[in-house]
Amino acid sequence: MVPIYNINIIIMKKKIRVRFAPSPTGPLHIGGLRTAFYNYIFAKKYKGDFLLRIDDTDIKRNKKLSIKYILKALKWSKIKYNKGYNRDKDIQYIQSKRIHIYKYYLNYLIKNKYAYYAFDTVKELNLYRKDKNFIYNFLTRNKFKNSFTLNKNNIKKYLKKKKFVIRLKIPTNKNIIYKDEIFGNIKINTKEIDDKIIFRSNKKPTYHLASPIDDHLMKITHIIRGKEWLSTTPIYIILYKYLNWKIPKFIHLPLLLNNKKGKISKRLNYNDVPIYPINYKNFVNNSYEYNGFFRYAFINILALLIGYDLIKYKILNIKKIIKLFNFKNINKSDIKINYKLLCTINKNFILYGNKKYVNYKLYIYLRSKINKYKVKKKIIYKIINLTKDRITLINDIWNVANYFFINPKKYSLPQNIIKYIINNYKIVLNFINDNIIYFNKNLVLSKKEISNFINKIKNVNLLKLFRISIVGELVGINLVDIISILYKINKFIIIKRLINFKKFIFLYKNF
RNA sequence: GGCCCAUUAGUCUAUUGGUUAGGACGUCAGAUUUUCAUUCUGGAAAUAGGGGUUCGAUUCCCCUAUGGGCUACCA
Numbered sequence: 041m042v043p044i045y046n047i048n049i050i051i052m053k054k055k056i057r058v059r060f061a062p063s064p065t066g067p068l069h070i071g072g073l074r075t076a077f078y079n080y081i082f083a084k085k086y087k088g089d090f091l092l093r094i095d096d097t098d099i100k101r102n103k104k105l106s107i108k109y110i111l112k113a114l115k116w117s118k119i120k121y122n123k124g125y126n127r128d129k130d131i132q133y134i135q136s137k138r139i140h141i142y143k144y145y146l147n148y149l150i151k152n153k154y155a156y157y158a159f160d161t162v163k164e165l166n167l168y169r170k171d172k173n174f175i176y177n178f179l180t181r182n183k184f185k186n187s188f189t190l191n192k193n194n195i196k197k198y199l200k201k202k203k204f205v206i207r208l209k210i211p212t213n214k215n216i217i218y219k220d221e222i223f224g225n226i227k228i229n230t231k232e233i234d235d236k237i238i239f240r241s242n243k244k245p246t247y248h249l250a251s252p253i254d255d256h257l258m259k260i261t262h263i264i265r266g267k268e269w270l271s272t273t274p275i276y277i278i279l280y281k282y283l284n285w286k287i288p289k290f291i292h293l294p295l296l297l298n299n300k301k302g303k304i305s306k307r308l309n310y311n312d313v314p315i316y317p318i319n320y321k322n323f324v325n326n327s328y329e330y331n332g333f334f335r336y337a338f339i340n341i342l343a344l345l346i347g348y349d350l351i352k353y354k355i356l357n358i359k360k361i362i363k364l365f366n367f368k369n370i371n372k373s374d375i376k377i378n379y380k381l382l383c384t385i386n387k388n389f390i391l392y393g394n395k396k397y398v399n400y401k402l403y404i405y406l407r408s409k410i411n412k413y414k415v416k417k418k419i420i421y422k423i424i425n426l427t428k429d430r431i432t433l434i435n436d437i438w439n440v441a442n443y444f445f446i447n448p449k450k451y452s453l454p455q456n457i458i459k460y461i462i463n464n465y466k467i468v469l470n471f472i473n474d475n476i477i478y479f480n481k482n483l484v485l486s487k488k489e490i491s492n493f494i495n496k497i498k499n500v501n502l503l504k505l506f507r508i509s510i511v512g513e514l515v516g517i518n519l520v521d522i523i524s525i526l527y528k529i530n531k532f533i534i535i536k537r538l539i540n541f542k543k544f545i546f547l548y549k550n551f
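This is the structure:
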């Protein structure tokens, strides 16, 4: 038998565990959420664990709000993480509460000379940094004040002052080669890498210390994160080798770019594509939810962004997304978000998604718009069913259904219709008068009777005029449906609108 | 500047050595619909450029260009 090497077998050897580790520096945007989603689906596919960790080693501003937002956003996007053994806590791993753990490993690193003290200030180093090629590592570390250059007494003196950082000692002139599951082999020489600061002068660890340690302690098997980490991964690997730990597998995801300027969504663009999932207080006020996206459509958008062919599948539920998951589906190049494509996904959810849920959401929205008017629930649902296939976003429902609730305030007539009115003023006037009389006479009308009445009108221009008198312009669903629904809402609406239109037509009399 | 990564129509992508380079959204034209939207039919539109390797390169290698990332006591 020839062994078949594929990812499934490699993964199945032990339970896989992945993690999403956002830094609470601001609201979680679609890029971060997409990383979380990939982690989540990956874990579910292979029946593993998906953990949440907050990477907040040295963060002050917006921290609390950001964490709240992260939890809300994950919940809204239906991304569920394992809560671990303590179910009362929302989050099991918060780095700011684990500083003592990092210090333990830090001591080990220093003892074994894998890390060392350094005393140069930022100001001093900045002078060297004027040379853009400057690097603080085996090439230059002899020039500076640190454990290697100072004698024991001097080191003690500096340590007493308590102003020091701890740097990771990067090995001399060595090629670090690692395999990324998506990008393949990555090779970086250690001469390109700084002796990274892993412990700050304010006694807090940096990402380069805390994150790898946590990943090990959390038994993470696959590091799934954005591509921006591709060239800093060697630091991670060096640290793991120093600590003699098993290096996890790496899956780096291509970045999300803005539609127009090609810059990363994290930094730019608030105009065209929404980048946040939901609104939250004043923290976020332009989101997918706010702009009328369904959360299930949003999940499909996340699926699109990790390589699913949404054109083929139209709309997918979580179960199917998990079933169809293949880590290879994502491709290497960065993704430009196309807003129209996202809208299409939302529209597909309206057309092919859960009918009850779609109708309910549209009902809630419409209800909020027509608070003043007393219209029966049943009728609103009927309106929704007749109009919803014309919209792409939830908020659009008002644009295609408003004429059921408010009388036209103005009339927009195309040129040929205006000409028709002027040339056939008497015919038009008689037509409207006849209609008024008809609807006045027949206060009880079935849909069939209305249909017969409309179908008798053979003149296209008069039909168009009829529609304009009811709707205000040449848009909307089938005229028979419009009239029969308006009739159900109130028997006198049609007559009222016809009379209004008659007054308007009067302007054309003198032409 | 250095290092790392990417590059198929406007956009998302299929084709991992042999295809008339396929699909979808968008766009344009026509048909249907009493209007509009839908739907249907059809059209235009791409392997960044230049060198190799090969009988043959979108696919493998090199150079250039473009875009992005990293180059912090941010993550």
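In this text, residue positions in the first sequence follow the numbering used here: the first is 41, and each later residue adds one.
Note that beta-carbon positions come from the ideal geometry of N, C-alpha and C, so glycine has one too.
Treat the numbers as computed from the prediction; the structure is a model and nothing was measured.
Review point. Counting pairs of Cβ atoms below 8 Å between the region 443-457 and the region 500-517, do you hit three or more?
Key: Note that the region 443-457 touches the region 500-517; at least 3 beta-carbon pairs, one per stretch, sit closer than 8 Å.
Check your understanding: Touching or not, the region 140-152 and the region 342-354, by the rule of three or more beta carbon pairs under 8 Å?
Key -> Touching, no, given that fewer than three Cβ pairs across the two stretches are closer than 8 Å.
Review point. Is the region 341-350 touching the region 73-81, taking contact as three or more C-beta pairs under 8 Å?
Key: Of all C-beta pairs linking the region 341-350 to the region 73-81, three or more are shorter than 8 Å, placing the two stretches in contact.
**Study point:** Residues of its chain near Phe365, where Cβ-Cβ distance is below 6 Å and the 5 sequence neighbours each way are ignored
**Key:** Hits under 6 Å: Ile81 and Lys85.
**Study point:** Whole-angstrom distance between Lys401 and Lys422, CA atom to CA atom
**Key:** Lys401 has its alpha-carbon roughly 14 Å from the corresponding atom of Lys422.
Review point. If you drop the 5 nearest sequence neighbours on each side, which residues of the same chain put their C-beta closer than 8 Å to that of Ile175?
Key: Here the set comprises Lys231, Glu232, Ile233 and Asp234.
Practice item. Indicate whether the contact test is met: 3 or more Cβ pairs, each with one atom in the region 369-382 and one in the region 402-412, closer than 8 Å. Key: At 8 Å Cβ cutoff, the stretches do not touch.
Exercise for review: Look up Asn284 in the DSSP assignment and say whether it is helix, strand or coil.
Suggested key: Judged by DSSP in its simplified three-state form, Asn284 adopts coil rather than helix or strand.
Review point. What separation, rounded to the nearest whole angstrom, lies between the Cα atoms of Asn152 and Ser271?
Key: So the two alpha carbons sit approximately 26 Å from each other.
**Study point:** Boundaries of the alpha helix (DSSP H) in which Tyr24 is found, first to last residue
**Key:** This structure does not reach residue 24, given that the chain is present from 41 up to 551, and the question cannot be answered.
Check your understanding: Nearest-angstrom Cα distance between Leu514 and Ile508?
Key -> Going from the Cα of Leu514 to the Cα of Ile508 covers about 6 Å.
Exercise for review: Ignore the nearest five residues each way along the sequence and tell me which others in Val511's own chain have a CB closer than 8 Å to its CB.
Suggested key: For Val511, the CB contacts under 8 Å within the same chain, skipping 5 residues up- and downstream, are Tyr443, Pro448 and Ile522 in chain order.
Check your understanding: Going by DSSP, what residues sit across from Ala158 in a beta bridge?
Key -> When DSSP reads this structure, Ala158 sits in a beta bridge with Asn186 and Val205.
Practice item. Please report the residue range of the beta strand (DSSP E) in which Ile477 lies. Key: Counting along the chain, Ile477 falls outside any beta strand (DSSP E), though it belongs to the alpha helix (DSSP H) covering Tyr465 to Lys481.
Point to revise | Alpha-carbon spacing of Asn482 relative to Leu391, whole angstroms | key: Cα to Cα, Asn482 sits roughly 37 Å from Leu391.
Review point. Any contact of the region 258-267 with the region 185-201, i.e. 3+ C-beta pairs under 8 Å?
Key: Because the criterion of three Cβ pairs below 8 Å is not met, the region 258-267 and the region 185-201 do not touch.
**Study point:** Span separating the alpha-carbon of Tyr280 from that of Arg430
**Key:** Their Cα atoms are separated by approximately 56 Å.
Check your understanding: For the putative contact between Tyr133 and Phe159, defined by C-beta atoms under 8 Å, what is the C-beta separation to the nearest angstrom?
Key -> Incorrect: roughly 32 Å between the Cβ atoms, too far for contact.
Practice item. May I have the straight-line CA-CA distance separating Ile362 from Ala83, to the nearest angstrom? Key: Cα-Cα distance, rounded: 9 Å.
Practice item. Answer with buried or exposed for Ile94, where buried requires no fewer than 16 other C-beta atoms within 10 angstroms of its C-beta. Key: When all chains shown are included, Ile94 counts as buried.
Practice item. Work out the CA separation of Asn492 and Phe546 for me, nearest whole Å. Key: So the two alpha carbons sit approximately 28 Å from each other.
Review point. Should the region 311-322 be regarded as contacting the region 286-294, the criterion being three or more beta carbon pairs within less than 8 Å?
Key: Output reads no: the region 286-294 does not touch the region 311-322.
Point to revise | Backbone secondary structure at His69 - three-state DSSP | key: Note: His69 maps to coil in three-state DSSP.
Exercise for review: Return the bridge partner residues of Val58 from the DSSP annotation.
Suggested key: In the DSSP assignment, Val58 forms a beta bridge with Phe90.
Check your understanding: Are there 16 or more other CB atoms within 10 angstroms of the CB of Val500, so buried, or fewer, so exposed?
Key -> Flag for Val500 reads exposed.
Review point. Going by the CB atoms, is the gap between Glu221 and Phe60 shorter than 8 Å?
Key: Contact: no.
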